[in-house]
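Asker:
Below, the structure written as structure tokens:
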């Protein structure tokens, strides 16, 4: 479930998810690259992803299932980096709590 979507000055869209596998996506509008941050810390970059696919990912009931069926084998992906996700997990937990109060 999409928790929050932010458009930044750098022509990027950051989306935070309440998902069992995916924490965040960062969409680079100028290059059509989609970075996906997984709970285990891996960050993968999917190349030439149309904006509509980002919207479908955000609206999907399950981001993980969407990624497996619509992104994984259809767009070239490379592992960019491993990151420490502790702060990101804490931020998402805060977003979940805020959303539950609405």
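Numbering (the numbering used here), first residue to last: 41 to 142. Ideal placement from N, C-alpha and C gives every residue a C-beta, glycine not left out.
Does the contact criterion of 3 or more C-beta pairs under 8 Å hold for the segment 118-127 versus the segment 90-102?
Answerer: No: fewer than three Cβ pairs fall under 8 Å.
Asker: Considering only residues of the same chain and omitting the five flanking positions on each side of residue 87, which have a CB-CB separation below 7 Å?
Answerer: So the list reads 73, 115, 116, once near-sequence residues are dropped.
Asker: If you pair each beta-carbon of the segment 132-140 with each one of the segment 65-81, do three or more pairs fall below 8 Å?
Answerer: With a cut-off of 8 Å, the segment 65-81 and the segment 132-140 do not count as touching, because too few Cβ pairs lie within range.
Asker: For residue 50, which of 101, 41, 67 has the nearest alpha-carbon?
Answerer: The candidate whose alpha carbon is nearest that of residue 50 is 67.
Asker: Grab the span of the alpha helix (DSSP H) containing residue 78 for me, first residue to last.
Answerer: First-last for residue 78: 73-78, but that is the beta strand (DSSP E), not the alpha helix (DSSP H).
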